[in-house]
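Participant: Got a structure here, written out as structure tokens. Questions coming.
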Amino acid sequence: MKQLREVHLHLGAHRTGSTAFQMVLSANATALHAQGLRLGFPERSRVPNGQLRTHLDHAALGDPKQLKKQIAKNRADLAPVLNTDEYHQALLSEENFIGGMISFEQGRFYPNVRERMILLRMVLHPAEIGNVMLMIRSYDSLFESAFRKRAETHVMPSYEAVRHRQAEFEGGWPTVVEAILAELKPQKLLVVPYRRERDDLALLELLCPHLGLAGLTPSEGYTNMSFPDAALFEIQRQRRAGKKLFWDEKRAIYDAFADKVAERPFVQLYPDHAENLRARYLSDLELLRRRSDVTLVEE
14 MKQLREVHLH LGAHRTGSTA FQMVLSANAT ALHAQGLRLG FPERSRVPNG QLRTHLDHAA
74 LGDPKQLKKQ IAKNRADLAP VLNTDEYHQA LLSEENFIGG MISFEQGRFY PNVRERMILL
134 RMVLHPAEIG NVMLMIRSYD SLFESAFRKR AETHVMPSYE AVRHRQAEFE GGWPTVVEAI
194 LAELKPQKLL VVPYRRERDD LALLELLCPH LGLAGLTPSE GYTNMSFPDA ALFEIQRQRR
254 AGKKLFWDEK RAIYDAFADK VAERPFVQLY PDHAENLRAR YLSDLELLRR RSDVTLVEE
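Here it is, written out as structure tokens:
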């Protein structure tokens with residue numbers, strides 16, 4: 014087997030429509046393979062055929078022996094995508110490469126992104142990094158959406174204990190972008206501000222400009238199921254009581270509480286916090302707009 018010459022990356026971020034983008038990849042996998050593009054993305058309920066299961070343990074960077082094992086493990090995970098005689102390019106789509114959402118609750122913003130990019134570059138060597146796409150979102154709606162999503166699967170602290178830390182969080186999109194540029198050195202970095210209505214096929218063409226779009230299937234307008242506040246309170250009540258809750262059980266809670274109104278919001282920033290976070294995002298967006306090494310996709 015020969016390793017691919019060039020790898021394009023979609024790095025998420027979380028809560029920016031990664032699942033919808035991966036649905037496009039899944040729906041068009043056969044046609045994209047026919048054009049010489051190998052695909053790697055995680056399998057989800059609405060995204061079949063996913064085979065990407067890679068955990069980047071950036072803590073291994075501090076131990077040479079552990080680092081060697083970690084690189085070997087990650088390369089083995091990626092072998093079905095990266096090792097091939099038939100394809101010259103690959104596209105990996107994985108929002109967790111840059112880190113997890115739990116750091117938001119700690120008042121930090123992807124705090125280990127640089128170390129994770131260093132490890133990712135080591136894992137992908139000797140393939141060249143092609144284009145990289147990062148979708149970003151305003152901090153206020155990102156934090157609230159991430160907290161709600163994690164509440165579906167984890168026991169969460171009260172949001173009252175979290176929002177003060179989020180209001181003055183460390184880091185931000187410019188820091189994430191700087192880490193990607195410095196460590197991956199992509200041919201082009203595409204930064205896409207989040208919006209509900211977008212053309213994922215057009216974004217795919219920007220990420221992999223050699224592709225032809227004729228005959229490809231567009232996005233179906235998928236959005237993640239949003240649990241209402243009353244359902245989230247019930248999920249948390251049951252989780253704190255020690256219940257694991259499988260998907261069919263969560264779906265039953267969703268149906269049972271769909272029309273019920275909670276006594277208070279499950280997640281809500283203070284108005285001044287939300288305003289300040291939006292202003293901070295707009296300021297950071299302007300910093301990215303001024304960078305000559307970033308392509309900001311705003312239309």
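Per the numbering used here: the sequence shown = residues 14 to 312. For each residue, glycine too, the CB sits at the ideal point set by N, CA and C.
#1: Leaving out five residues on either side along the sequence, give the residues of the same chain with a beta carbon under 7 Å from the beta carbon of N125.
#2: Buried or exposed: where does D306 fall if 16 or more other Cβ atoms within 10 Å of its Cβ makes it buried?
#3: Any chance you could list the beta strand (DSSP E) runs of at least 3 consecutive residues sitting entirely within the region 100-187, in chain order?
#4: Assuming V136 and I193 form a contact by the criterion Cβ under 8 Å, report the distance between their Cβ atoms to the nearest whole angstrom.
#5: Given E196, which residues of its chain have a CB within under 7 Å of its CB, disregarding the five upstream and five downstream residues?
#6: By a C-beta neighbour count over all protein chains shown, 10 Å radius and 16 as the cutoff for buried, is T29 buried or exposed?
#7: Got a sec? Which residues, its chain only, sit under 8 Å from L74 by beta carbon, not counting five neighbours each side?
#8: Give me, in chain order, the residues of the same chain whose beta-carbon lies closer than 8 Å to that of R253; leave out the 5 immediate sequence neighbours on both sides.
#9: Please return the same chain residues whose Cβ sits closer than 7 Å to the Cβ of K198, not counting the five positions on each side in sequence.
#10: Check each candidate in H138, K86 and V189 and name the one with the smallest Cα separation from V20.
#11: If you compare alpha carbons, which of A215, Y294, G228 and V280 is closest to R161?
#12: What are the residues that DSSP puts in a beta bridge with V204?
#13: Pick from A275, A265 and S154: whose alpha carbon is nearest that of P284?
#14: Look up L52 in the DSSP assignment and say whether it is helix, strand or coil.
#15: Since Y267 and F240 are thought to touch, with beta carbons under 8 Å apart, how far apart are those beta carbons, to the nearest angstrom?
#16: What are the boundary residues of the alpha helix (DSSP H) that L295 is part of?
#17: Which of the three DSSP states, helix, strand or coil, is assigned to R57?
#18: Sorted by chain position, which residues of the same chain lie with C-beta nearer than 7 Å to L258's C-beta, five sequence neighbours on each side aside?
#19: Please classify M14: is it buried, with 16 or more other beta-carbons within 10 angstroms of its beta-carbon, or exposed?
#20: CA-CA distance, A275 and R302?
#21: Quick check: L282 and A180, are their CB atoms within less than 9 Å of each other?
Facilitator: In terms of the structure at hand:
#1: Contacts found: H71 and G112.
#2: Classification for D306: exposed.
#3: Correct list: 102-106 and 141-149.
#4: I193 and V136 do not touch by the CB rule: their CB atoms are close to 15 Å apart, not below 8 Å.
#5: Contacts found: R127, M130, I131 and R134.
#6: T29 should be labelled buried.
#7: Taken in chain order, the residues that qualify are L80, E128, I131 and L132.
#8: In its chain, beyond the 5 residues on either side, V168 have a beta carbon closer than 8 Å to the beta carbon of R253.
#9: Excluding sequence neighbours, K198 sits near I142.
#10: For the residues H138, K86 and V189, the minimum Cα distance to V20 belongs to H138.
#11: Checked all of A215, Y294, G228 and V280; the closest Cα to R161 is V280.
#12: L147 and L309.
#13: The residue among A275, A265 and S154 with its C-alpha nearest the C-alpha of P284 is S154.
#14: Strand, per DSSP.
#15: Rounded, the Cβ-Cβ distance is 6 Å, consistent with contact.
#16: Run containing L295: P284 to R302, per the alpha helix (DSSP H) assignment.
#17: In the three-state reduction of the DSSP assignment, R57 falls in the strand class.
#18: Non-local C-beta neighbours of L258 in its own chain, meaning closer than 7 Å and more than five positions away in sequence, comprise I248, Q251 and R252, ordered along the chain.
#19: Residue placement at M14 is poorly supported in this model, since its pLDDT is 47, which falls under 50; the coordinates are not used for a value here.
#20: About 40 Å.
#21: A contact, by the Cβ cut-off of 9 Å.
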